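Enquirer: Got a structure for you, written out below as structure tokens; questions coming shortly.
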Amino acid sequence: MHYVSKFVILLICSTLCLFILSNLYTNNRQLNSSLNIAIVIVIEQPDRLLDYDLAVKTMKCYAKMQNYTLVYLNTNESEELAAKCPQQDFMFQRHCFIRYFMETNPQFDWILFLDGDIGVINPNHRMEEYIDETADLIFYNRMYNWEVTAGAYLARNTAFSRDFLQYWADYYFHLPANSFHGTDNGALHEVFMHKFATSQQVARCDKLYFSSRSYEDLFRYEACVRSTLGGLQRQLFIDPDGLVVKIMGKGQAWCRDGGELITPLWSSKDFMLHGWKNNKMNVLGQGRDSWIFPFKNTDFDENICDLPIKQVIARNWDYKQELHITDKERDTIPFVYTEIKEEMRKFVFFTLIFTALSVFNFITVSSAGIECSEDQHKQTEQDKQKRLSDLLRLMQSVQKSLQIQGFFEIPHVDFEKIDSNVLKNCYETYMENGKDKYGAQIKDEMRQKNLIKL
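Counting from 107, one number per residue, gives the positions in the sequence shown under this note's numbering.
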């Protein structure tokens with residue numbers, strides 16, 4: 107009987123192990139599927155890649171490590187393609203090039219189109235994580251406004267996708283005169299309207315598009331488009347012919363702008379970051395375009411990228427740990443869009459306080475500006491204090507990391523003493539006096555509470 111019991115236990119354990127291994131194999135096979143994916147970057151001037159040095163090196167190394175095809179298409183090298191794509195604006199022409207690349211390369215199931223200044227911050231991710239086989243095209247929402255990003259998308263190699271890209275590229279010939287139209291990014295929203303909205307809806311938002319004179323006007327137009335099409339929550343768009351376009355939510359896609367957090371922080375959830383230009387590196391104070399070199403080693407070695415992945419990551423992706431945050435912290439940070447044109451130390455100070463206000467639910471930020479939150483009175487005091495406590499801990503690490511980098515001096519802020527009443531007073535002051543007086547008033551508030559030393 108004793109031996110029978112042992113045999114039964116052994117049999118159960120063996121069956122369980124086989125089940126687990128089978129599931130692991132199945133899941134791994136699904137993730138590392140037989141999809142043939144090409145990463146395609148269209149360039150107009152090869153010399154521009156020199157300014158994207160780290161982005162180019164990380165992308166090449168990543169493609170080699172994960173066995174993806176990486177292609178750089180030069181718009182000046184093919185007279186045949188140039189004839190088929192006569193758009194005089196490179197931003198439109200590149201989508202036409204992608205359309206014909208897909209047509210002449212049917213071996214690829216999916217194309218990942220990327221701007222040249224997009225780099226890989228976390229090479230542990232694979233593109234299959236973000237592919238939805240029910241969609242023809244996959245875009246994603248930009249963090250700080252209502253915009254659908256034009257510089258990075260996934261295109262399934264179908265006639266639907268190719269027709270969409272051609273329609274988008276050809277919108278160059280229909281751009282409104284004397285309008286701040288946002289080139290291909292603004293036009294992408296026009297394409298969405300013409301594909302998925304009624305003529306009356308198109309006309310209503312087009313008033314904003316044709317009269318746009320600034321980024322603020324453009325963002326307001328894009329907010330009109332997204333609101334008309336169902337808001338940011340809507341992800342799937344299907345036209346009568348069967349085209350399916352998906353828009354991934356904020357922070358859920360494979361890429362985001364590197365400056366969309368309040369500082370150049372990243373978490374394991376991040377995969378690629380946009381904006382890695384040499385002339386914006388380690389030059390904080392230029393808004394969202396600024397970024398900090400994220401690795402300890404400055405000599406990224408492309409010659410080792412065919413080694414085992416763990417070895418390559420350990421050598422080339424040797425991170426500055428002070429820039430790494432948890433996924434929870436990443437998703438807690440409000441992605442505040444603001445243009446504070448002051449020296450960097452004041453920019454950091456105001457951004458930290460502004461972020462505290464946002465998280466504390468006194469205000470919400472949208473492309474149309476700042477408005478009272480509808481959920482303001484629904485938050486319990488306990489919940490508010492917990493959220494504030496979490497944020498203050500995060501901001502302390504932000505402050506420390508920026509000081510470690512040594513690029514500038516920032517004021518000391520005693521975050522431990524910040525309470526809800528101070529923040530509420532700051533908020534009310536902002537609403538009463540407006541943006542111009544906000545800076546001086548908030549500093550006075552903080553000085554009176556002995557919270558800052560400038």
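Glycine included, C-beta positions come from ideal geometry on N, C-alpha and C.
All of these numbers come straight from a predicted model, not from anything done at the bench.
By Cβ distance below 8 Å, which residues in the same chain neighbour Asp433 in space, the five residues on each side in sequence not counted?
Expert: Excluding sequence neighbours, Asp433 sits near Ser373, Ser374 and Lys375.
Enquirer: Give, in chain order, every unbroken run of the alpha helix (DSSP H) that is at least 4 residues long and sits entirely within the region 260-337.
Expert: You should have 265-276, 289-302, 305-316 and 321-334.
Enquirer: Just mark Gln229 as buried or exposed, buried being the case when its beta carbon has 16 or more other beta carbons within 10 Å.
Expert: First, the amino acid is wrong: residue 229 is Pro here, not Gln. By the 10 Å Cβ count, Pro229 comes out buried.
Enquirer: If you run the structure through DSSP and keep just helix, strand and coil, what is Thr255?
Expert: Thr255 falls in the coil class under three-state DSSP.
Enquirer: Between the alpha carbons of Lys352 and Leu338, how many angstroms are there, rounded?
Expert: Distance between the alpha carbons of Lys352 and Leu338 is about 12 Å.
Enquirer: Taking the alpha-carbon positions, what's the Tyr259 to Lys402 distance?
Expert: Cα-Cα distance, rounded: 30 Å.
Enquirer: Out of Asp347, Asp345 and Ala303, which one is the CA nearest neighbour of Val331?
Expert: With distances taken between Cα atoms, Val331 lies closest to Ala303.
Enquirer: Any idea if Gln213 is buried or exposed, counting beta-carbon neighbours within 10 angstroms, 16 or more meaning buried?
Expert: Gln213 comes out exposed.
Enquirer: If Tyr278 sits next to Gln151, beta carbons under 8 Å apart, how far is it from one beta carbon to the other, in whole angstroms?
Expert: That belief does not hold up - the Cβ atoms of Tyr278 and Gln151 are roughly 19 Å apart, past 8 Å.
Enquirer: Considering only residues of the region 170-203, which uninterrupted alpha helix (DSSP H) runs meet the minimum length of 4 residues and lie entirely inside it, listed in chain order?
Expert: Counting whole runs of 4 or more residues, the region 170-203 contains the alpha helix (DSSP H) stretches 185-190.
Enquirer: How many angstroms separate the CA atom of Phe399 from the CA atom of Thr255?
Expert: Whole-angstrom Cα-Cα distance: 24 Å.
Enquirer: Does Ala420 have its Cβ less than 8 Å from a Cβ in chain B?
Expert: Of the protein chains in the structure, only one exists, and it is not chain B.
Enquirer: Considering only C-alpha positions, which residue in the set Ile145, Ser267 and Lys166 is nearest to Gly348?
Expert: If we check each option's Cα against that of Gly348, Ser267 comes out closest.
Enquirer: Using alpha carbons as the reference points, say which of Ile149, Pro414, Tyr315 and Ala169 lies closest to Val226.
Expert: Checked all of Ile149, Pro414, Tyr315 and Ala169; the closest Cα to Val226 is Ala169.
Enquirer: Taking the alpha helix (DSSP H) that Arg421 falls in, what are its first and last residues?
Expert: Note, Arg421: alpha helix (DSSP H), Ile415 to Asn422.
Enquirer: Report the CB separation of Phe406 from Leu160 in whole angstroms; it is logged as a contact under 8 Å.
Expert: Sure, about 6 Å apart at Cβ, within 8 Å.
Enquirer: Can you tell me which of Leu314, Tyr206 and Asn173 puts its alpha carbon nearest to the alpha carbon of Ala188?
Expert: If we check each option's Cα against that of Ala188, Tyr206 comes out closest.
Enquirer: Buried or exposed for His280, going by 16 or more other Cβ atoms inside 10 Å?
Expert: That one is exposed.
Enquirer: Please identify the residue among Ala420, Cys167 and Val146 whose C-alpha is closest to the C-alpha of Asp215.
Expert: The option with the nearest alpha carbon to Asp215 is Val146.
Enquirer: Using a Cβ-Cβ cutoff of less than 7 Å, which residues in the same chain neighbour Trp423 once the five nearest sequence positions on both sides are dropped?
Expert: Within the same chain, Trp423 has close Cβ partners Pro229 and Phe401.
Enquirer: What's the gap between the Cα of Gln306 and the Cα of Ser317?
Expert: Using only the alpha carbons, I get a separation of about 17 Å.
Enquirer: Between Tyr321 and Ser285, which are expected to be in contact by the criterion C-beta below 8 Å, what is the C-beta distance as a whole number of angstroms?
Expert: Between Ser285 and Tyr321 the Cβ distance is about 13 Å, and since that is not below 8 Å, they are no contact.
Enquirer: When we look at the beta-carbon of Asp221 and count the other beta-carbons within 10 Å, is it buried (16 or more) or exposed?
Expert: Burial call: buried.
Enquirer: Between the Cα of Thr289 and the Cα atoms of Met354, Phe196, Asn247 and Arg340, which residue gives the shortest distance?
Expert: Answer by Cα proximity: Phe196.
Enquirer: Quick check on the burial criterion: 16 or more other C-beta atoms within 10 angstroms. Buried or exposed for Asp345?
Expert: Asp345 comes out exposed.
Enquirer: Under the assumption that Leu218 contacts Ile143 (Cβ atoms under 8 Å), give the Cβ distance between them as a whole number of angstroms.
Expert: With 8 Å as the limit, Leu218 and Ile143 qualify as a contact, their Cβ atoms being about 6 Å apart.
Enquirer: Excluding the 5 residues preceding and the 5 following Asn385 in the sequence, name in chain order all residues of the same chain whose CB lies nearer than 8 Å to its CB.
Expert: Asp157.
Enquirer: What did DSSP end up calling Lys352 once you bin it into helix, strand or coil?
Expert: Correct three-state label for Lys352: strand.
Enquirer: Can you tell me which of Val418, Ile431 and Glu428 puts its alpha carbon nearest to the alpha carbon of Thr164?
Expert: The residue with the shortest Cα to Cα distance from Thr164 is Val418.
Enquirer: What's the C-alpha gap between Leu342 and Pro414?
Expert: Roughly 38 Å separates the two Cα atoms.
Enquirer: Under a Cβ-count criterion, where at least 16 other Cβ atoms within 10 Å of its own Cβ denotes burial, should Ala420 be classed as buried or exposed?
Expert: Exposed.
Enquirer: Only counting the same chain, and skipping five residues up and downstream in sequence, which positions put a Cβ closer than 6 Å to that of Ile431?
Expert: Here the set comprises Leu371 and Ser373.
Enquirer: Taking the alpha carbon of Glu209 as the reference point, which residue from Lys313, Leu179 and Asn263 has its own alpha carbon closest?
Expert: Glu209 has its Cα closest to that of Asn263, out of Lys313, Leu179 and Asn263.
Enquirer: Using the C-alpha atoms, what's the distance from Ile224 back to Arg232?
Expert: When rounded, the distance between both Cα atoms is 15 Å.
Enquirer: Please list, in chain order, all residues of the same chain as Arg154 whose beta carbon is under 7 Å from its beta carbon, the five residues on each side excluded.
Expert: Contacts found: Gly222.
Enquirer: Tell me which residues share the same chain as Arg200 and place their Cβ nearer than 6 Å to its Cβ, disregarding the 5 neighbours each side in the sequence.
Expert: Excluding residues within five positions, the ones whose Cβ falls inside 6 Å are Val148.
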